[in-house]
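When we follow the working numbering, the leftmost residue of the sequence shown carries the number 2, and every step to the right adds one.
Structure first, then comments.
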Amino acid sequence: MENPSESIFINRELSWLDFDSRVLALAKEKSVPLAERIKFAAIFGSNMDEFFMVRVGSLYDQTLLKNNKLDIVTHMTPSEQIAAITPRVAELQAKCDKYYQHLLSALKENKYIKVDFDHLDKQQEHYWKAYFTSEILPILSPQVVDQRHPFPFLRNKEIYYAAQLSSKNDGVYYGIIPLSGQFEQLLFIKNPDGTTSFAFADELIAHYAASIFNKSTLQNACLFRVTRNADITVDEGMMDHDIDFRDVMSELLKKRRKLAAVRLQFWPSAPQEIVKFLRDKLVVPADRCYTQTSPLDPGLLFRLASRVSADSNPAFSYPPARPIQAPADYDLYAEAHKHDVLLSYPYQSIRPFIRMLMKAGSDPDVVSIKMTLYRMASDSQIVQALINAAENGKEVTAMVELRARFDEQNNIDWSKQLEEAGCTVFYGFDDYKVHSKLTLITSKVNGKYHYLTQIGTGNYNEKTSELYTDLSFITTRQEIGEEASAVFNNMALQRLTSEADTMLVAPLRFKSVLLEQMDRQIDRARRGLPASMILKNNSINDPQIINKISEASCAGVRVDMIVRGICCIKAGVPGKTENVHIRSIVGRYLEHSRIYCFGEGEDMTIYIASGDFLTRNTERRVEVGVRVDDREIAKKLRGILDLQLRDTVNAREMQPDGIYTRVKPKQGEPPVDSQMAMYGYFQHGFETAHPAAPTRKAAAKPVQKPKRPTPHPHKPENKRFRGFLDSLFGHKK
Numbered sequence: 002m003e004n005p006s007e008s009i010f011i012n013r014e015l016s017w018l019d020f021d022s023r024v025l026a027l028a029k030e031k032s033v034p035l036a037e038r039i040k041f042a043a044i045f046g047s048n049m050d051e052f053f054m055v056r057v058g059s060l061y062d063q064t065l066l067k068n069n070k071l072d073i074v075t076h077m078t079p080s081e082q083i084a085a086i087t088p089r090v091a092e093l094q095a096k097c098d099k100y101y102q103h104l105l106s107a108l109k110e111n112k113y114i115k116v117d118f119d120h121l122d123k124q125q126e127h128y129w130k131a132y133f134t135s136e137i138l139p140i141l142s143p144q145v146v147d148q149r150h151p152f153p154f155l156r157n158k159e160i161y162y163a164a165q166l167s168s169k170n171d172g173v174y175y176g177i178i179p180l181s182g183q184f185e186q187l188l189f190i191k192n193p194d195g196t197t198s199f200a201f202a203d204e205l206i207a208h209y210a211a212s213i214f215n216k217s218t219l220q221n222a223c224l225f226r227v228t229r230n231a232d233i234t235v236d237e238g239m240m241d242h243d244i245d246f247r248d249v250m251s252e253l254l255k256k257r258r259k260l261a262a263v264r265l266q267f268w269p270s271a272p273q274e275i276v277k278f279l280r281d282k283l284v285v286p287a288d289r290c291y292t293q294t295s296p297l298d299p300g301l302l303f304r305l306a307s308r309v310s311a312d313s314n315p316a317f318s319y320p321p322a323r324p325i326q327a328p329a330d331y332d333l334y335a336e337a338h339k340h341d342v343l344l345s346y347p348y349q350s351i352r353p354f355i356r357m358l359m360k361a362g363s364d365p366d367v368v369s370i371k372m373t374l375y376r377m378a379s380d381s382q383i384v385q386a387l388i389n390a391a392e393n394g395k396e397v398t399a400m401v402e403l404r405a406r407f408d409e410q411n412n413i414d415w416s417k418q419l420e421e422a423g424c425t426v427f428y429g430f431d432d433y434k435v436h437s438k439l440t441l442i443t444s445k446v447n448g449k450y451h452y453l454t455q456i457g458t459g460n461y462n463e464k465t466s467e468l469y470t471d472l473s474f475i476t477t478r479q480e481i482g483e484e485a486s487a488v489f490n491n492m493a494l495q496r497l498t499s500e501a502d503t504m505l506v507a508p509l510r511f512k513s514v515l516l517e518q519m520d521r522q523i524d525r526a527r528r529g530l531p532a533s534m535i536l537k538n539n540s541i542n543d544p545q546i547i548n549k550i551s552e553a554s555c556a557g558v559r560v561d562m563i564v565r566g567i568c569c570i571k572a573g574v575p576g577k578t579e580n581v582h583i584r585s586i587v588g589r590y591l592e593h594s595r596i597y598c599f600g601e602g603e604d605m606t607i608y609i610a611s612g613d614f615l616t617r618n619t620e621r622r623v624e625v626g627v628r629v630d631d632r633e634i635a636k637k638l639r640g641i642l643d644l645q646l647r648d649t650v651n652a653r654e655m656q657p658d659g660i661y662t663r664v665k666p667k668q669g670e671p672p673v674d675s676q677m678a679m680y681g682y683f684q685h686g687f688e689t690a691h692p693a694a695p696t697r698k699a700a701a702k703p704v705q706k707p708k709r710p711t712p713h714p715h716k717p718e719n720k721r722f723r724g725f726l727d728s729l730f731g732h733k734k
């Protein structure tokens, strides 16, 4: 058996928790503004909810099967993975509670004081009791659990008050109060001394709830919260061809609400009698019951962060950093017909793309618009542009993926509106999710068809375009348009795309192409030639790709990986991955773009794509990418990678034991914040210059490392550093 210290593999679930740890670390980082630190604590809590709902839920399902499914890289059984997860979750929650106390201290120093209901003075007691009686008590719905009152259904991610009661006639029994009523969950009071008191409604209710059960004796009580499994799958038996797939998904969403409980959260003071009662009723083992002093619902921290950030104190929040807006006369539709265009979110506005869709929808030359839709905003202007185009008589086709987790209902609603507007809507494959970000606009001019193709790394979502870093490549190259057209036709006919030259199309022409590129670098290294790879994505656990990266390292290929989240390969393991360098960028924005770069200079080949290196992306999804042959855009993409490899603000580097350590600037050097420096990078992003014609291979010289790094974090308009950015990225003055 291989010594764990010599293995290059990391379990997926433990790697997920490592990412959550990096997010949580920002909640204690004093260089991060206070409201943002609170938000990172909230994000950690939200991530943990998803972890239990999706990953632990899936593992729980697998433990019920006769033939356990093993982890594909570490070969751990589901039970072994749950056993490994349990202490790690407890450790992270303890850290979160510790950081939460630090945040409360920092809030107090800034005149935000949390109400302590165990130590109220008479005036405070009078005020809060009156508030509880008039504003909350009338809309509470207490329930008792006894022989005549069955145990109620407890909703996912909602907080409840549990009470152990007794009376002369009934003996010991229990009461439960749902705390999700239509009342303010977070309360603020402006005090005469200039301070602001804030209170969580669940703690307020817990303080006075005993009065609700006035005919009984309250023996014990506590707050608790249930997390339920959300890992739903489409059963083949449900796939009746006479039933609309939307109806199938609607039924599945109803079932999700009632799936098994996978976690219980309690106050630390929760009495064991109540814990056992709830565990027995919900069938939750003891190792999935957690206590915490931080709020049970991370939504409360999001609300608190929002209120604090609304304060006029600029030190509480990140400085404003709005997307770069295009000039009023900028026409992306026209520019894309002159040359390839690269947009980068959130650094550039998504508005030009929306205007392009609107213009295409009314252009008399445009025949059709086709688009894949995975996660859309609830008030999507992008979908509205498709609806307008259909109403203008254009042939509009929308591939809507109804199985986008937690966005199913939103996608169901939009698919109905698209159909009602006259769009052709289909839902992809039975066995493959369509995760592609692909748009195809077809026009007919002088009897000939022309294509405008957009390929992106992120969703067509105006909201997330301001929070996630993503890339959007737009081209009118005919060969790419023809390949995109074939992809749409294949999807409509339930066929996988098996042939493509410039485009990557999973599952048949994605992993295989990238492995071929890795083999080329391996061959170069073995022949004594320079060889390198830079791989940027969100996650990796595909064992075939991991083994190929190890092979490349052993051959002498320099492998730099920028992996935000799950990373199941270790860096720097002697004799296996000693030439592999892995870092994670976690900062103000969620890193979401995927860039795959092979080689240097004239031999460099670079792709952007929608897919990561998880087996779900490489083998069970329809993902789309594109080789970028435009030398100027390829150079720009390489510049993004080089900048992130120099980040000393948001970067953590993996050590051979799998532990991540903070990357700090060298003595005498200012910090390098790759995210904020991107604003300077794209300051000329909406220029209407005409770059050289694209070539088969992107010719770009290796970017030289500057002597001075990027500006201080959160100062994108630092003029002192503009010269560096211009020289680094080739901007025109």
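By construction, the Cβ of each residue, glycine as well, lies at the ideal position given by its N, Cα and C atoms.
For residue i, the three-state DSSP class (helix, strand or coil)
{"i": "F683", "result": "coil"}
{"i": "A699", "result": "For A699, the pLDDT reaches just 43, beneath the cut-off of 50, and the residue's location in the model is therefore unreliable, although a value from the coordinates is still provided. Note: A699 maps to coil in three-state DSSP."}
{"i": "T711", "result": "Bear in mind that the predicted position of T711 carries a pLDDT of just 39, short of 50, making it unreliable; the figure below should be weighed with that in mind. Here T711 sits in coil by DSSP."}
{"i": "R663", "result": "strand"}
{"i": "S8", "result": "coil"}
{"i": "A399", "result": "strand"}
{"i": "M504", "result": "strand"}
{"i": "C290", "result": "strand"}
{"i": "L18", "result": "helix"}
{"i": "H691", "result": "With a pLDDT of only 45 at H691, under 50, the local geometry of the prediction cannot be trusted, and the value read off the model is given with reservation. In this structure, H691 counts as coil in the three-state DSSP scheme."}
{"i": "Q220", "result": "strand"}
{"i": "K99", "result": "helix"}
{"i": "E159", "result": "coil"}
{"i": "P672", "result": "coil"}
Nearest to residue i (by Cα), restricted to the options the options
{"i": "A386", "options": "Q293, N411, L419", "result": "L419"}
{"i": "F104", "options": "R617, L305, R264", "result": "At residue 104 the sequence reads Leu, which differs from the Phe that was named. Among R617, L305, R264, the Cα nearest to that of L104 belongs to L305."}
{"i": "V446", "options": "H338, P321, K667, V673", "result": "H338"}
{"i": "K464", "options": "G529, P324, S554", "result": "P324"}
{"i": "Q186", "options": "R226, D298, S106, T425", "result": "D298"}
{"i": "R632", "options": "A485, L343, T498", "result": "L343"}
{"i": "M562", "options": "I541, R280, R226", "result": "I541"}
{"i": "M679", "options": "Q349, T197, A222", "result": "Q349"}
{"i": "M677", "options": "M655, Q656, N651", "result": "N651"}
{"i": "R352", "options": "A335, I383, M377", "result": "I383"}
{"i": "Y452", "options": "T458, L441, Y461, E37", "result": "L441"}
{"i": "H120", "options": "A572, H208, V74", "result": "H208"}
{"i": "I114", "options": "K169, D194, A85", "result": "D194"}
{"i": "I550", "options": "I567, G573, L530", "result": "G573"}
With 16 other Cβ atoms within 10 Å as the buried cut-off, status of residue i
{"i": "F189", "result": "exposed"}
{"i": "Q102", "result": "exposed"}
{"i": "K512", "result": "buried"}
{"i": "H127", "result": "exposed"}
{"i": "S212", "result": "exposed"}
{"i": "L66", "result": "exposed"}
{"i": "S106", "result": "exposed"}
{"i": "K434", "result": "buried"}
Rounded separation between residue i and residue j - CA only
{"i": "A163", "j": "Q293", "result": "16 angstroms"}
{"i": "P286", "j": "I177", "result": "21 angstroms"}
{"i": "V623", "j": "N314", "result": "47 angstroms"}
{"i": "L18", "j": "S142", "result": "37 angstroms"}
{"i": "A700", "j": "Q545", "result": "With a pLDDT of only 39 at A700, under the threshold of 50, the placement of this residue in the model should not be trusted; the figure read from the coordinates follows. When rounded, the distance between both Cα atoms is 29 angstroms."}
{"i": "Y375", "j": "E402", "result": "5 angstroms"}
{"i": "T228", "j": "S499", "result": "41 angstroms"}
{"i": "I140", "j": "L166", "result": "21 angstroms"}
{"i": "S310", "j": "T218", "result": "43 angstroms"}
{"i": "L15", "j": "N69", "result": "19 angstroms"}
{"i": "T373", "j": "R156", "result": "33 angstroms"}
{"i": "G423", "j": "G429", "result": "19 angstroms"}
Report yes or no: do the stretch 572-586 and the stretch 543-560 share at least 3 C-beta pairs separated by less than 8 angstroms? Taking 8 angstroms as the limit for Cβ pairs, the verdict is that the stretch 543-560 does touch the stretch 572-586.
Kindly confirm or deny that the stretch 470-478 and the stretch 408-417 touch, where touching means at least three C-beta pairs closer than 8 angstroms. In short, these stretches do not touch, since the Cβ pair count stays below three.
Counting pairs of Cβ atoms below 8 angstroms between the stretch 598-609 and the stretch 677-686, do you hit three or more? With a cut-off of 8 angstroms on Cβ pairs, the stretch 598-609 is not in contact with the stretch 677-686, counting fewer than three such pairs.
For the pair the stretch 206-225 and the stretch 265-274, tell me if three or more CB-CB distances fall below 8 angstroms. The stretch 206-225, when compared against the stretch 265-274, does touch it at the 8 angstroms Cβ threshold.
Is there contact between the stretch 523-533 and the stretch 641-660, where contact requires at least three CB pairs shorter than 8 angstroms? By the C-beta criterion, the stretch 523-533 is judged not to be in contact with the stretch 641-660, since fewer than 3 inter-stretch pairs fall below 8 angstroms.
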